[in-house]
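Taken in sequence, the protein lines are chains Y and F.
Here the numbering used here is used: position 24 in the first sequence is 24, and no number is missing along the way.
Every position in the second sequence, counted from 1, becomes a number in the numbering used here once 815 is added.
We treat Cβ as the ideally placed atom computed from N, Cα and C, and that holds for glycine.
Here is the structure we will look at, set down as structure tokens.
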Amino acid sequence: MTAVEEVPLSPAGNPIGFGNMKRVEDQRFVRGHGNYVDDVSLPGMVHGAILRSPFAHARINGIDTSRAEQLPGVLAVITGKVLEGIPRPDLLGDNFAWMPTLSYDTQAVLATDKVRFQGQEVAFVIATDRYIAKDALELIDVDYEPLEPVMDAKRAMEPGAPIIRDDKGQQDNSITDVHGHKDWESGNAIGTAEAIAAAQADPDCVVVTQEVMYPRVHPAPMETCGSVAFLDKVTGQLTLYTTSQAPHAHRTVYAMVAGLPEHKIRVISPDIGGGFGNKVGIYPGYVLSIVGSIVTGKPVKWMEDRNENLTSTSFARDYHMTGTIAATKEGKILAVDVDVLADHGAFNGVAQPTNYPAGFFHIFSGSYDYPNAHCKVTPVYTNKAPGGVAYACSFRITEAVYLIERLVDCLAAELGMDPAELRLKNLLRPEQFPYTSPTGWVYDSGQYENTMRLALEMADYDQLRREQAEKRARGEYMGIGLSFFTEGVGAGPRKDMDILGLGMADGIELRVHPTGKAVLRLSVQSQGQAHETTYAQIVAHELGIPPEDIEVVHGDTDQTPFGLGTYGSRSTPVSGAAAAVVSRKVKDKARQIAAAALECSPDDLEWQLGQWHVKGDPERAKTIQEIALLSHGSLELPDGVEGHLEATTVYNPPNLTYPYGCYVCVVDVDPGTGQVKVRRFIAVDDCGTRINPMVVEGQVHGGIADGIGMALMELIAFDEDGNCLGGSFMDYLLPTSMECPDYELGETVTPSPHHPIGAKGVGESATVGSPPAVVNAVIDAISPFGVRHADMPLTPANVWRAIQGRPVRVDMAVE
Amino acid sequence: MIPIAFDYVRPTTIPEAVAALVASGEDGKILAGGQSLMPVLRLRMAAPSVVIDCSEIADLQGVRDDGNSIVIGAGTTHHDVMNSPIVKEHSPLLAMATATVADPAIRHRGTLGGALAHADPAGDLPAVALALDGVLSVTGPNGSRDIAAADFFTDYFTTSMAEDEILVSVTLPKLGAGWGYHYEKFQRTAQGWAIVGVAAAVHRSNGNITAARIGLTNMAPSPVRASSVETALSGADATVKAVGDAAASAADGTRATSDLHAAADYREHLARVITKRAVLTAGGI
């Protein structure tokens, strides 16, 4: 795309449309002037703190709060028993001790009968300052009766395993979705089974089966979760400042949960310090800050510390996957069958469209052309923290891509074929788009081979293979890993997708002021995605108004129209489309007004960026700024055209968008220590039209760092007593710039045919695509030791064990 | 940080600090750079009645040349230690190991004495003090005394200092001519704690290794000398094979623990691999 050079610059030097532009948000962030939830301070505000369970599974025989209540400065101590006494007049439950999750399950706000994971919320103290609130926690006496914890999803499925959700009358630890299913299937079960059986019987075919675990990780946003709630008893207005990626959806859920009138709830998400899905769900702490304000009549702030965030808020992954891939000996893939045991923790808190119970895992068939694919996902309760939406997971596309990309590499090893060659043989071809996958998804556009060949060329793949051969000959272990991923992002069409009954279309409002400056009001919520910059560029692209003249408002339900928020890479595919559509509505209205002013027919006008002019006579023109003033002035308007220049729209996407990419990772493995060094990382992404390439590249950088972290070091592990071993950054390791290489980025541009500006979501692409590239590279490096697979995280210790052929269970503590 | 309430004093002399420590009974805690104490306070894993901030005591600061040895004030920051011309000339192993401690922000606050008195088994500097036969000078209500590094570190986060004593300085014999040195630190991330660390000083003469001093980090509740490696190296050929043979016994006598980062058998393996690398580098082999 050469759009960058063609775009005119504004007086401030910004592109009037698409192109590189510095993030306007950074002006305040780099000066330390961001305004986060913990910066909010209201008159008379008091502070809450949560007492959390030290046990993963225990019965509560009693809670004595009397000593805590007597501590000077303590205003109230709330327990599950207190909440049980507050009736809730709605369809989702009887009282305030339980709340609905985003998957139609229930979750304890404060434990009443049992605690079901270590770190679960047991009591809430409200005090005049944070120090007293914490002190009071130590004065609460809880009589726990420890029960056997279930920390392993496989153990949870065994007959006789302790029942975790006895509160629901469960007889086992299975999870039933809203449609009544315990196993969630997609694809063609019979055809896939037959194809695999035929391949097994055919001497010209191979069948490879591999168990692959994607262990539990945590998004670990820089800012932990928190809220400030104030119920004004005079006006009846509840104002909630909160770390939410979806303020409108949260408001509606609060209305349903609390029985409060929705029009009396204002949810404000100020600056958010990273989300990655961690801030999609509603946590007990948010609810407790609201209850606390109701009880005390004062604004109540609750803010997690790091340990609370890592141990109790939404994790990601925890998928035990078994994949079987069948192919001809020439390397033509025939079928893939997948069986998953999904560890959902103690409450099924996954945020996913109702009709897709395993999220978008159904894209597991990948980027390849074969007819038969089937998957079965069996979810299960364990004594771990709930969640599962988090960490840039694209509704579990991350797991799907990891599995298929590992399977393809295992197949390549079995066939003795180069993994690049094997992929090129099987990639979908351009003429197959729109392509209906074996599980029914319709991929919108793609030119996969071009993208892959660019990545191989940037990497100088053949030379890398020669270098590897030379190094192996002298006992050095270098690995080259590939991944090719396709995501389906931008949830989603209202005919297919809802969350808790809320459709996934997004509203937007655009208002052009008399002087030609504009304000755009979004429903989506930036957590670092640069919406204030890129949405202004979309309007600039459509209307020719300089981006610096466009204010983007978001994060306040009183100031913005309804929509489902930012996660799953849905902002650009849904709200980005809405921004283009609403701009076009304004442009159409501007044409009517320009025609009136120029005394001609609207049909006689043509658009040139920033103005309507008479066809063939650019001198007879009205700029968008002039039209804005005219629209507010005394010009006689045609029948049916109202004054002012503004529009609203609700965008219902016709399909998901399908970004894709090819990544190449080069690692060096120290065979003495097992240490992996990522030497190079080449990422070619095709996310369609790039609104702001610099912002795209920033997202890709972050996603690759995420992927390196998950592949090599990040892990939420537990010991068999149920203790979480990843509760601090000393143990939950995150990559720093020192562990990450210089990224080598490339792009191809295949616009989405159904998106108004041809853009696709990209926020999670690199998080999805990079872990398999890193793991494939490490396995490639140590394949001379006979290693075909080893689970993430590929820590030095785990690589050392793999080299020795010693299997390791990565998700449980070493003895 | 939301710690349990505590009193805070900031003495400017060593006697004042000792007096404050005595007055606090058993519940006083010395604050040097705060890089270990503050996290512990934040996590409410410590509840001192009084925190005695020693960062303003001038007599705890600085590095001086003392003839055959150098003396480093306990309150000298890592940053100042690693940049001291005296340390760099006469105890370059300490300078090198100090440069691997955490990150620049921490090295500007954290102190040598704090790191030694804290006695974290994963800390880098105790193994260096041990390998170099350092002597630690402490002061308490009954006066001052010197403790050899070999007698100082006794267990996890435990030293032979009495509860009312303060670490004042560290004396390190100068490394003379013919000594090479290296600190090899194995860590999972650049700013992470040592999974295993090896502090090695090697003396060479006429193609042979004449003496070696090797301290191991995080291979036991407190730092240990790899004595059998030192013995094997004494008089050994300065060859890769000889060093490898000697390093094979690096884990002998250690008591490595298992944790999330490494099982004991992996730590023992690392001790052998890293000792070999450290000695080869230190010996210029």
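Per DSSP, reduced to three states, the secondary structure at glutamate 223/Y is coil, with no helix or strand assignment. The shortest C-alpha to C-alpha distance from arginine 116/Y to any of Met738/Y, Ser770/Y, Met45/Y, Asn723/Y is the one to Asn723/Y. In summary, alanine 1005/F is exposed, with fewer than 16 beta-carbon neighbours lying within 10 Å of its beta-carbon over all protein chains present. Taking the C-beta atoms as reference points, glycine 516/Y is found nearer than 8 Å to isoleucine 545/Y. Note on geometry: alpha-carbon atoms of glutamine 447/Y and threonine 689/Y lie some 14 Å from one another. When beta bridges are read from the DSSP output, phenylalanine 718/Y appears opposite Cys724/Y, Met812/Y. Just measuring C-alpha positions, the residue of Leu982/F, Ser851/F, Pro1036/F, Glu871/F sitting nearest arginine 922/F is Ser851/F.
Annotation: the continuous alpha helix (DSSP H) that includes threonine 311/Y extends over 306-312.
Note that the C-beta distance between serine 770/Y and tyrosine 658/Y is not below 8 Å. Using a Cβ-Cβ cut-off of 8 Å, glutamate 739/Y is close to Thr1004, Ala1005 of chain F, given in chain order. Taking 8 Å as the threshold, the shortest C-beta distance from leucine 1075/F to chain Y falls below it. For histidine 1084/F, the residues of chain Y that pass the 8 Å Cβ criterion are Trp800, in the order they occur in the chain. By the criterion of a C-beta distance shorter than 8 Å, isoleucine 164/Y is surrounded in its chain by His57, Arg116, Val150, Ala156, Gln170, Asn173, Ala346, Tyr381, Thr382, Asn383, once the five residues flanking it on both sides are discounted. The three-state secondary structure of serine 103/Y, taken from DSSP, is coil.
Put simply, the backbone Cα of isoleucine 140/Y is about 23 Å away from that of threonine 313/Y. Close partners of alanine 717/Y in chain F (Cβ separation under 9 Å): Leu1075.
When the beta-carbon positions are compared, cysteine 205/Y and alanine 327/Y come within less than 8 Å of each other. Per DSSP, cysteine 665/Y lies in no alpha helix (DSSP H) segment; the continuous beta strand (DSSP E) that holds it begins and ends at 660-669. Taking all protein chains in view, the Cβ of glycine 501/Y is surrounded by fewer than 16 other Cβ atoms within 10 Å, so the residue is classified as exposed. A residue is called buried once 16 or more other Cβ atoms fall within 10 Å of its Cβ, and methionine 860/F, having fewer, is exposed. For valine 1088/F, the nearest CB of chain Y lies under 8 Å from its own CB, placing it at the interface with that chain. Residues Pro941, Phe968, Phe972, Thr973, Thr974, Ser1037 of the same chain have their beta carbon placed closer than 7 Å to that of alanine 934/F, with the five preceding and five following residues left out of the count.
Rounded to whole angstroms, valine 280/Y and glutamine 559/Y show a C-alpha spacing of 20 Å. For the 8 Å CB-CB criterion, valine 669/Y and valine 778/Y form a contact.
Taking the beta carbon of lysine 134/Y as reference, the chain F residues within 7 Å of it are Ile817, listed in sequence order. Serine 571/Y carries a helical assignment under DSSP once its states are collapsed to helix, strand and coil. Under DSSP, glutamate 999/F takes part in a beta bridge, and its partners are Val1013/F. Residue-level contact by beta carbon fails for tyrosine 998/F and chain Y, as no gap is shorter than 8 Å. Taken in chain order, the whole beta strand (DSSP E) runs of length 3 or more contained in the segment 559-623 of chain Y are 605-608, 611-614, 617-623. In the three-state reduction of the DSSP assignment, phenylalanine 968/F falls in the strand class. Under the Cβ criterion of 8 Å, leucine 733/Y is counted among the residues facing chain F.
Counting every other CB atom within 10 Å of its CB across the protein chains shown gives asparagine 372/Y a total of 16 or more, marking it as buried. At a C-beta separation below 9 Å, methionine 321/Y has no neighbours in chain F, since its nearest C-beta there lies roughly 23 Å away. In this structure, Thr79/Y is the residue among Lys622/Y, Pro618/Y, Thr79/Y, Gln70/Y with its C-alpha nearest to the C-alpha of asparagine 61/Y.
Cysteine 375/Y is bridged by DSSP to Ser186/Y, Val338/Y. Partner residues in the beta bridge of phenylalanine 681/Y, as assigned by DSSP, are Cys665/Y, Tyr743/Y.
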